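Residue numbers (the numbering used here), protein chains in the order written: chain V, 990 to 1644; chain C, 180 to 416.
This is the structure:
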């Protein structure tokens, strides 16, 4: 007879099977109902969506239950569970490896599908909605098949196992593991919604601007979560990995960054289509690319084909993901080809010096950037597949690409917000760019006055000041007219996002260009000095429990607070993980790590010190991007898409 | 086709209305307004004529094709250029390294990579140990293993090259012992170098005894015992 602790497996498997059936019949109902215009059948769609969503919730709950009760009858719990893992990290261990992360993906996807069906329940007979829902069910079926096949989290494990190693040590020493993966997944999976509506628009032939209006907020929602997930990932890397950096162009980082680039291009170019009826094929291609890149990214990171700090163990999931990726690309391209005539844009660009011209330039930069990052990420994989040679495309390659691309985008952020649609005259530009340009000159003078050197960082600060001035100009004009409501709406919220991006660019330029580091051999009672700061080893702190042994050096910085860089030895895995300790301020961070081997008896510690300017502004910039996204999503008293950029909002015109 | 033309005609008529609004809002100056308005009116008139049965201007069609071809050429050029650039920027991946980017490795990370190359790629391993010694000149493990690999590869050399390599190896092994006298590998390797490569049993004996006293790992225990026995035999002669 099964004990309570053995029930999670059968329950989870049953829930996944029921969910698959629900999604399958949901797909059939959506397709048949839409094709035959059968309202009765279409009315069944919400029930199937609810069934598959409730099943996914049940399966996820069963997995959490198995993890909490340490049900070692399951192979997944044997792999990532441990009796000694603290409750919080035991909870997050569910998404710490391949099978659980796919289950989390499925959970978010089925909830989103249910949400879409609920939102459009009164318009379920609209063929575009019907085909969009069918597309979401199709994607859902794929993920249900994964969880029942090659990535089954409820597979039975070897008998007699009473304990496991716990999750990867890097996933059990920081609170961000609770937030970073689910938020990133909301971004990834959220891209399914605009993709599904794009497919719906292509199938029905309603490829005008209507489908964009339907999906605008969903695209923004997904982009916002993807942005936040990436920022949290960088923060986690900074706080956990001990190398003092935030971005290493690791394949998994690139896998999230590439769809972010195409997604960012989309939320800009979609404005051109709404306003000028242009770039229809381009926008559809960007959406298809963004969604398919999330699947390709999942293949890269979850199939074990790339060796990375994030890559999970070898699995058979790779061919499934690649096949699904191929299906998405082929079907989408075929549909776009089929609707080729209808996708012809009636508008043309009247002048490159116009808002649409700037958006087009922005799109070219984002797309080339995304393409080259993708190429750099998959190139070693392609060479390994065909020539059996193991190559690496190193950080300098990506940096050489990122600096000019970033500077070009900053320049566009200076000019684009003040440009009108169609054509800008020289006088108009001179008038509107006057104060922003002074912002740039001021930023340059200020940074030179502080002793900043180097062409690229100084250009970044100058363009940052310029672009910040352009964004502030827009916000000042809007708030003068509308008060606090001037922060709300797509254009104004977008400017808040721009300010966040500028802060990040400036912080990255400063921290990458002016970081100083030194390895100090600290002796207890002796004060060492580096870069104008004092460091004194006050002693060691050693803590041990069933899971790990932590040795922390207590280092007093500048005669004030004591910081504790540590090394944790995880007993069951035998891995040593360093944990940095950071003194943060608005001006600079003092980042301390302890270097092995640690010999407590010798009363000495080798401490690596990094002095990193402006790092805190990265997180502030990330927060502003989040706030700006929320503000952009609010409808506000917005202009019609066809209004002039300087037109008054409706309330003013009526007054 | 006529549907599309009608759609384009409506779009242009709407554009004319938008243009008036934009001028009123101060976004477009008078000269640009006039030029854009004339252009839209001319295009609207052409479409209206076309809808009425007039022939399509062939020059417009050929211009469209030229533009498309230009876009295709540009895309192919960017793709090819990016491919060549990526290929030129790629390099040999080391054990433990990810396929793209790199977290700046600490000395312990580089040591871990070097250890895995000791036998498969000794040249690269020496390079990595040298990298560690640049970061930490007193790293006993890097000093020891670089010397050991150097001594092993020197066996194939002759004359002064061999001599120089062995002298360097011995000096670095002695320095490793000075840095950390409790590190057994430095004693074991130096004993072997003295006995096998420099034929000096008397110099090898104290090193190998120290090595044995430090309980070397089980897998090399029998090897150490065998070489100690050989040294004892040589000394007995």
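Beta carbons are placed, not taken as given, at the ideal position from N, Cα and C, and that holds for glycine. Model, not experiment: these values are computed from the prediction.
- Cβ-Cβ distances below 6 Å link residue 1123 of chain V to 1016, 1019 and 1020 in the same chain, with the five nearest sequence neighbours on each side left out; the list follows chain order.
- Between residue 1255 of chain V and residue 1208 of chain V, the CB-CB gap stays under 8 Å.
- Among the residues of the stretch 190 to 209 of chain C, those with a Cβ less than 9 Å away from any Cβ of chain V are 190, 191, 193, 194, 196, 197, 198, 200, 201, 202, 203, 204, 205, 206, 207 and 208, in the order of the chain.
- With 16 or more other Cβ atoms inside 10 Å of its own Cβ, residue 1239 of chain V counts as buried.
- The shortest C-alpha to C-alpha distance from residue 1338 of chain V to any of V/1348, V/1331 and V/1568 is the one to V/1348.
- Only residues of its own chain outside the window of five on either side were considered, and among them 1180, 1248, 1251, 1252 and 1255 have a CB closer than 7 Å to the CB of residue 1279 of chain V, listed in chain order.
- By a beta-carbon distance limit of 8 Å, residue 1412 of chain V contacts residue 211 of chain C. Their separation comes to about 5 Å.
- Exposed is the label assigned to residue 394 of chain C, since fewer than 16 other Cβ atoms lie within 10 Å of its Cβ.
- In summary, residue 1214 of chain V is buried, with 16 or more beta-carbon neighbours lying within 10 Å of its beta-carbon over all protein chains present.
- Counting only the Cα atoms, residue 279 of chain C lies some 5 Å from residue 1382 of chain V.
- Closer than 8 Å to the CB of residue 1225 of chain V there is not a single CB belonging to chain C.
- When secondary structure is reduced to three states using DSSP, residue 1436 of chain V falls in the helix class.
- Ranked by Cα distance from residue 1621 of chain V, the options V/1439, V/1333, V/1031 and V/1480 are led by V/1480.
- By the Cβ neighbour-count rule, residue 244 of chain C is exposed, with fewer than 16 other Cβ atoms within 10 Å of its own.
- When Cβ-Cβ separations below 8 Å define contact, residue 1535 of chain V makes no contact with chain C.
- Straight across, the Cα-Cα distance linking residue 306 of chain C with residue 324 of chain C is about 11 Å.
- Near chain C, meaning a CB-to-CB distance below 9 Å, the residues of the stretch 1363 to 1390 of chain V are 1364, 1365, 1366, 1367, 1368, 1369, 1370, 1372, 1373, 1378, 1379, 1380, 1381, 1382, 1383, 1384, 1385, 1386, 1387, 1389 and 1390.
- C/333 is the residue among C/254, C/414 and C/333 whose C-alpha sits nearest the C-alpha of residue 302 of chain C.
- Residue pairing by DSSP puts residue 1510 of chain V in a beta bridge opposite V/1595.
- Assigned with DSSP and collapsed to three states, residue 291 of chain C falls in helix.
- When only Cα atoms are considered, residue 362 of chain C and residue 291 of chain C end up about 17 Å apart.
- Listed along the chain, the chain V residues whose CB falls inside 7 Å of the CB of residue 211 of chain C are 1412 and 1414.
- Taking 8 Å as the threshold, the shortest C-beta distance from residue 229 of chain C to chain V does not fall below it.
- No Cβ of chain C is located within less than 8 Å of the beta carbon of residue 1163 of chain V.
- A buried status is given to residue 1094 of chain V, since no fewer than 16 other beta-carbon atoms sit within 10 Å of its beta-carbon.
- In the three-state reduction of the DSSP assignment, residue 1565 of chain V falls in the strand class.
- Residue burial annotation: residue 1371 of chain V is exposed, with fewer than 16 other C-beta atoms found within 10 angstroms of its C-beta.
- For residue 1200 of chain V and residue 1187 of chain V, the gap between their C-alpha atoms comes out near 7 Å.
- Note that the C-beta distance between residue 1365 of chain V and residue 265 of chain C is below 8 Å.
- Taking the CA atoms as reference points, residue 1428 of chain V sits about 8 Å from residue 1451 of chain V.
- Remark: three or more beta-carbon pairs, one from each stretch, lie closer than 8 Å, so the stretch 1498 to 1512 of chain V and the stretch 1593 to 1607 of chain V are flagged as touching.
- With its beta carbon less than 8 Å from one in chain V, residue 272 of chain C belongs to the interface.
- With a threshold of 16 other beta carbon atoms within 10 Å, residue 1529 of chain V meets it and is buried.
- Identification of chain C residues near residue 1243 of chain V by a Cβ-Cβ cut-off of 7 Å yields 279, ordered along the chain.
- For the stretch 1041 to 1076 of chain V, the continuous alpha helix (DSSP H) assignments of 4+ residues that do not extend past its boundaries occur at 1064 to 1069, in sequence order.
- Non-local beta-carbon contacts of residue 1054 of chain V in its own chain, meaning distances under 6 Å to residues more than five positions away in sequence, involve 997 in chain order.
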